[in-house]
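For the sequence shown, this note's numbering assigns the number 176 to the initial residue and increments by one for each residue that follows. The beta-carbon is built from N, C-alpha and C at its ideal position, and this holds for glycine as well. A quick note: this is a predicted structure, and the numbers were derived from the prediction, not measured. Some notes on the structure that comes next.
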Amino acid sequence: MANNARKSGTGKWLWAIGGVALLIGGGAWAYGEEIDGQAQAGTAYMARVACSCRFVGGRSLDDCEKDKLDGMELITLVDDVEEKSVTARFPLVAANTATYREGYGCVLEEWRD
176 MANNARKSGT
186 GKWLWAIGGV
196 ALLIGGGAWA
206 YGEEIDGQAQ
216 AGTAYMARVA
226 CSCRFVGGRS
236 LDDCEKDKLD
246 GMELITLVDD
256 VEEKSVTARF
266 PLVAANTATY
276 REGYGCVLEE
286 WRD
């Protein structure tokens with residue numbers, strides 16, 4: 176009898192985990208395009224702003240982190256001093272790079288689909 180109780184308890188957990196996975200997958204499918212668009216726009220914005228902060232304003236990348244808007248906490252910034260560029264990344268979704276060009280300021284790399 177104890178063996179049957181364990182089996183049914185395990186079965187309930189598997190169903191619960193499967194249900195949660197289904198909800199997460201459905202949400203990602205339903206809102207995936209919106210999340211992707213917002214991540215692309217957010218990383219493009221932060222790459223451009225941080226590049227200008229870093230290579231036009233002469234501030235440190237740590238100081239440029241202060242320029243993030245609310246909701247951009249997950250975006251990470253990495254600079255390449257040799258290339259004079261900053262890449263902004265939103266985990267597993269989007270990344271954009273802006274590069275300083277004399278006479279133009281910081282310019283985003285072309286977007287690719």
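8 Å Cβ cutoff met for residue 236 and residue 254: yes
Taking 8 Å as the cut-off, decide whether the C-beta atoms of residue 222 and residue 263 are in contact. Cβ atoms of residue 222 and residue 263: closer than 8 Å.
Let me confirm a value: residue 232 is counted as buried when at least 16 other C-beta atoms fall within 10 Å, else exposed. Which label applies? That one is exposed.
Using the C-alpha atoms, what's the distance from residue 234 back to residue 228? One C-alpha to the other measures close to 6 Å.
Who are residue 260's beta bridge partners in DSSP? 255 and 274
Distance between residue 210 and residue 278 (C-alpha atoms, nearest Å): 34 Å
First and last residue of the uninterrupted alpha helix (DSSP H) at residue 228: No alpha helix (DSSP H) contains residue 228, which DSSP labels as neither H nor E.
What does DSSP give as the partner residues of residue 282 in its beta bridges? The beta-bridge partner set that DSSP reports for residue 282 consists of 274.
Length of the line joining the Cα atoms of residue 266 and residue 240: 17 Å
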